[in-house]
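Reading through the structure tokens given below for one structure.
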Amino acid sequence: MPATSHKQEKLGEVKNEVDDLARSAGSADELIRRIVKLLHEQKLKYNWAGFYMLEKSPAEQSPMLVLGAFQGAMTPHSRIPLNQGICGAAASTGKTVVVDDVNKDPRYLACSIETKSEIVVPVFAHDEVVGELDIDSHFPAAFGHEDRQLVEHCAELVGKYLEKIPG
Ligand code: SME
227 MPATSHKQEK LGEVKNEVDD LARSAGSADE LIRRIVKLLH EQKLKYNWAG
277 FYMLEKSPAE QSPMLVLGAF QGAMTPHSRI PLNQGICGAA ASTGKTVVVD
327 DVNKDPRYLA CSIETKSEIV VPVFAHDEVV GELDIDSHFP AAFGHEDRQL
377 VEHCAELVGK YLEKIPG
């Protein structure tokens, strides 16, 4: 079987598992925790997976991305302003950012010297960015079209779940 179709099959299986999680999770926190655990453990070359949530508390000078549930090595970047990093770029533009070689991107905030590529997908609830899903890989250009679709699907499920919570 060619490598690409094996990968597509694997990504399809993971998507089904994520859909199951979204149906069975008892809270948004649980869904978030289970998604990062699943993505991290599936041998998809996703070596760090975590959510940052957007904090707009009045005490803050400006909105801040705050590290939530994650799997992988502890990162020095537990709070990221919107004008910093790949994370800040994705949250401030509301667009997915895929970086094939983090060492060539001046925006990159290093988490681990092993990281080679990264994807960050904003989470929207009620048409506003409320957080993002960040995944790092030890492999260059690890995030192809199908990976992007899977990660965007995960972010969308979390956004839809958050929309159901009465504000
Ligand atoms: N690399 C990110 C920072 C977060 S760590 O990767 C977990 C960035 O450039 O924003």
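Using our numbering, the first residue of the sequence shown is number 227, and each one after it goes up by one.
Glycine included, each C-beta is placed from N, C-alpha and C at the ideal position.
Given the structure is predicted, the values throughout are model-derived calculations rather than measurements.
Between which two residues does the beta strand (DSSP E) holding residue i run?
i, result
"TYR278", "274-281"
Taking the alpha helix (DSSP H) that residue i belongs to, which residues open and close that run?
i, result
"GLY258", "Correcting the residue type first, residue 258 is Ile in the shown sequence and not Gly. Here the alpha helix (DSSP H) through ILE258 covers 254-267."
Could you check what DSSP says for residue i in three-state terms: helix, strand or coil?
i, result
"LEU293", "strand"
"GLN394", "As shown, the chain starts at 227 and ends at 393. That puts residue 394 outside it, with no answer to give."
"ALA381", "helix"
"LYS390", "helix"
"LEU270", "coil"
"SER250", "helix"
Take residue i as the anchor and find which of the options has the nearest alpha-carbon.
i, options, result
"ALA367", "ALA316, SER250, VAL324", "VAL324"
"LYS271", "LEU291, ILE306, GLY298, CYS380", "GLY298"
"VAL349", "SER343, LEU388, PRO332", "LEU388"
"ASN309", "GLU372, LEU291, MET300, CYS380", "LEU291"
"GLU281", "GLU256, GLY314, SER250, TRP274", "GLY314"
"LYS342", "SER363, LYS241, ASP331, ALA254", "SER363"
"ALA351", "HIS303, VAL384, GLU378", "VAL384"
"GLY276", "GLU267, SER283, LEU237", "GLU267"
"ASN293", "ASP245, THR322, ARG333, ASP255", "One point to set straight first is that residue 293 is Leu, not Asn, in the sequence displayed. Closest by alpha carbon: ASP255."
Under the criterion of a Cβ to heavy atom distance below 7 Å, does residue i qualify as lining ligand 1?
i, result
"GLY370", "no"
"TYR334", "yes"
"ASP360", "yes"
"GLY385", "no"
"HIS303", "yes"
"GLU344", "yes"
"ILE312", "yes"
"ASP306", "Looking at the sequence provided, one finds Ile at residue 306 rather than Asp. Yes - ligand 1 has a heavy atom lying nearer than 7 Å to the Cβ of ILE306."
"GLY294", "no"
"GLY357", "no"
"GLY320", "no"
- Query: Which full runs of the alpha helix (DSSP H) of 4+ residues lie inside the segment 296-378, going along the chain?
  - Reply: Listed in chain order, the alpha helix (DSSP H) elements of length 4 or more contained wholly in the segment 296-378 are 311-319.
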